[in-house]
Amino acid sequence: MQSFSLDRRALLGSLAALGALSSGLVQGQSAQAGNLRIGLQKSSTLATVLRTRGTLEQLLAPLNVKVSWHEFTSGLPLLEALNLGNIDVSADVADTVPVFAQAAGAKLTFVAQEAPSPSAQAIIVRADSPIQSVADLKGKRVGFAKAAGVHFLLLAALEKAGLSFKDIEPAYLAPADGRAAFERGAIDAWVVWDPFLAAVQKQSSVRLLADGRHLASYQRYYLAGTPFAQARPDVLRVFFSELQKAGVWVKQYPKEAAALLGPVWGLDADIVELANSRRSYEVRAVLPSSMAEQQRIADAFLSEKLLPRRVDALNVPLFKPAA
457 MQSFSLDRRA LLGSLAALGA LSSGLVQGQS AQAGNLRIGL QKSSTLATVL
507 RTRGTLEQLL APLNVKVSWH EFTSGLPLLE ALNLGNIDVS ADVADTVPVF
557 AQAAGAKLTF VAQEAPSPSA QAIIVRADSP IQSVADLKGK RVGFAKAAGV
607 HFLLLAALEK AGLSFKDIEP AYLAPADGRA AFERGAIDAW VVWDPFLAAV
657 QKQSSVRLLA DGRHLASYQR YYLAGTPFAQ ARPDVLRVFF SELQKAGVWV
707 KQYPKEAAAL LGPVWGLDAD IVELANSRRS YEVRAVLPSS MAEQQRIADA
757 FLSEKLLPRR VDALNVPLFK PAA
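Those letters in the sequence shown? Residues 457 to 779, by our numbering.
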């Protein structure tokens, strides 16, 4: 499995780079300057709603805080930027991503959590594939974004099927590259999350091998650099409140949400509605009890030698949204 070794070295190398710089000074300067730099992904639904509507800009103007938005291809580079002080707050990332950043020494504060959405990520194959079960992935090339929620879903599914990560040939691919590789047959299976999952299900002939139900709860987290969280809890309270409101709106008005998000994402409304139907969008405070699953995720990656050291996920700073 030579390709696995190379990919694993590349992943651990990126984690070493992630932890190379201290972010406290830069983040402190951002807070003092009255800036809120938010990192997000294409799949960051609620942040996209806020960005499109300009809600945060309006509410934070009286606090003399200027908002800027910065888009990333997936969660790991997003938290790399957070660790390096290039952004102050991260929109939602999958539950797996923080453990990689923590393993690299990132100083993160958990700001909010979305309730589980296990069916919003899945392992798929092409409809005509001879692969009929997760067990059939042995020796096959599987594409997914490294450190994303789907990475843990794959580990959990392989374990349930009596396999280990070493039994497959991983291909670390961002969603756009993953879909291209999947459709041209360069990978045998693809592990992906919404809205990319909904898009390929609507636009191609695919078959689902497994989703996160009974395997990975798929909770998404919003984080801040700890220096920023300590300096501007007032800003984070506004951010938290508006995320909650956006989550309620998306679930109560699915067609209106699809009409708003579709043009931004470049997706048809029916794809957006399908994707949103599988996400909870229930934004809530992060409780210490939530960290038990984070520890389970961290330990699973450590056992596969995909983390450079053990992560203590049970003792991390948690933001309290109530003043």
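Ideal Cβ placement from N, Cα and C applies to all residues, glycine included.
Host alpha helix (DSSP H) of residue i (start-end)
| i | result |
| --- | --- |
| serine 707 | Position check: residue 707 holds lysine in this sequence, whereas serine was assumed. 689 to 708 is the span of the alpha helix (DSSP H), which, as asked, contains lysine 707. |
| aspartate 548 | Not the alpha helix (DSSP H): aspartate 548 falls in the beta strand (DSSP E), residues 545 to 550. |
| asparagine 732 | 725 to 733 |
| asparagine 539 | 531 to 539 |
| alanine 789 | The displayed coordinates of the chain run from 457 to 779. Any statement about residue 789 would go beyond what the structure contains. |
Simplified DSSP assignment, three categories, for residue i
| i | result |
| --- | --- |
| threonine 565 | strand |
| valine 521 | coil |
| leucine 671 | coil |
| phenylalanine 600 | strand |
| phenylalanine 775 | coil |
| arginine 509 | helix |
| alanine 571 | coil |
| valine 590 | helix |
| glutamate 527 | strand |
| leucine 477 | Note that leucine 477 scores a pLDDT of 36, beneath 50, so its modelled location is shaky and nothing firm can be said. |
| leucine 762 | coil |
| leucine 462 | Model confidence at leucine 462 stands at a pLDDT of 36, short of 50, so the residue's coordinates are unreliable; what they give is reported in the following sentence. Helix at leucine 462. |
CB-CB length for residue i against residue j, believed under 8 Å
| i | j | result |
| --- | --- | --- |
| leucine 774 | valine 742 | 5 Å |
| alanine 637 | isoleucine 580 | In fact, because the Cβ distance is near 13 Å, the residues do not count as touching under 8 Å. |
| alanine 568 | leucine 535 | At roughly 15 Å, the Cβ-Cβ gap does not stay under 8 Å, so alanine 568 and leucine 535 are not in contact. |
| valine 767 | alanine 754 | 4 Å |
| glycine 531 | valine 553 | 4 Å |
| serine 573 | serine 745 | With a Cβ gap of about 18 Å, serine 573 and serine 745 do not count as contacting. |
| aspartate 544 | leucine 492 | 6 Å |
| alanine 756 | phenylalanine 608 | 7 Å |
| valine 606 | glutamine 577 | 5 Å |
| alanine 714 | alanine 725 | 4 Å |
| arginine 734 | aspartate 650 | 6 Å |
| threonine 508 | leucine 716 | 6 Å |
Boundaries of the beta strand (DSSP E) in which residue i is found, first to last residue
| i | result |
| --- | --- |
| leucine 743 | Careful: leucine 743 lies outside any beta strand (DSSP E) and carries neither H nor E. |
| glycine 681 | 676 to 681 |
| valine 767 | Where valine 767 is concerned, there is no enclosing beta strand (DSSP E), given that its DSSP letter is neither H nor E. |
| leucine 492 | 491 to 497 |
| alanine 583 | No beta strand (DSSP E) contains alanine 583, which DSSP labels as neither H nor E. |
- List in chain order: all unbroken beta strand (DSSP E) runs of 3+ residues lying wholly within the stretch 604 to 666. List check, beta strand (DSSP E) in window: 625 to 628 and 645 to 649.
- Would you check if there are 3 or more beta carbon pairs closer than 8 Å linking the stretch 585 to 593 to the stretch 746 to 758? Flag = no, the stretch 585 to 593 and the stretch 746 to 758 do not touch.
- Mind the definition here: the stretch 607 to 620 touches the stretch 665 to 675 only if three or more C-beta pairs lie below 8 Å; say whether that holds. Judged by Cβ distances under 8 Å, the stretch 607 to 620 makes contact with the stretch 665 to 675, as three or more pairs qualify.
- Determine, using beta-carbon pairs with one atom in the stretch 717 to 726 and one in the stretch 490 to 505, whether at least three such pairs fall under 8 Å. As far as the Cβ criterion goes, the stretch 717 to 726 touches the stretch 490 to 505, which means the pair count is three or higher.
- When the Cβ atoms of the stretch 513 to 531 are set against those of the stretch 655 to 665, are three or more pairs found closer than 8 Å? Fewer than three beta-carbon pairs drawn from the stretch 513 to 531 and the stretch 655 to 665 are found closer than 8 Å, and the two stretches are therefore not classed as touching.
- Are the stretch 690 to 701 and the stretch 592 to 601 touching by the rule of at least three beta carbon pairs closer than 8 Å? No contact exists between the stretch 690 to 701 and the stretch 592 to 601.
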